[in-house]
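By the working numbering, the letter at position 71 of the sequence shown is numbered 71, and the numbering carries on one by one without gaps.
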Amino acid sequence: MLLSKRISLSERVVLTLLMLAILMKLLMLLMLLMPLMLLNLLTLPIFPILLTLLLLLLLRMLLNLPNLLILISFPSRRLSSLTIG
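Below, the structure is given as structure tokens:
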């Protein structure tokens, strides 16, 4: 991860805790929805597919978090100068 601004230790700790909290919430949501997914797997197969796509989208947002932080830190930068994806 190459950033033009050096991240301090406290910022790294905060970002790590934030990502862990988001992952814990996702795991709790998945554990709550797992019985629904198993029940609806035979009757309504579109529900698990949509949930999987939503989780993949959230994972992509988590992977793009450093770029979003650059945008917040340097709002004058153009979007084309960042590597997204």
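For every residue, glycine included, the Cβ atom is placed at its ideal position computed from N, Cα and C.
For residue j and residue i, the rounded distance between their alpha carbons
{"i": "LEU26", "j": "MET61", "result": "13 Å"}
{"i": "PRO48", "j": "ALA21", "result": "23 Å"}
{"i": "MET31", "j": "LEU50", "result": "16 Å"}
{"i": "LEU29", "j": "SER10", "result": "29 Å"}
{"i": "GLY85", "j": "PRO35", "result": "The predicted position of GLY85 is uncertain, since its pLDDT is 49 and thus under 50; no value can be drawn from it."}
Given residue i as reference, the closest of the options once Cα atoms are compared
{"i": "LEU59", "options": "LEU9, LEU23, GLU11, LEU33", "result": "LEU23"}
{"i": "LEU63", "options": "PRO48, GLU11, MET19, SER10", "result": "MET19"}
Beta-carbon proximity list for residue i, same chain, < 8 Å, skipping 5 on both sides
{"i": "ILE7", "result": "LEU15"}
Same chain only: Cβ atoms within 7 Å of residue i, ignoring 5 sequence neighbours per side
{"i": "LEU33", "result": "LEU51"}
Exercise. If you pair each beta-carbon of the stretch 50 to 57 with each one of the stretch 8 to 17, do three or more pairs fall below 8 Å?
Worked result: no
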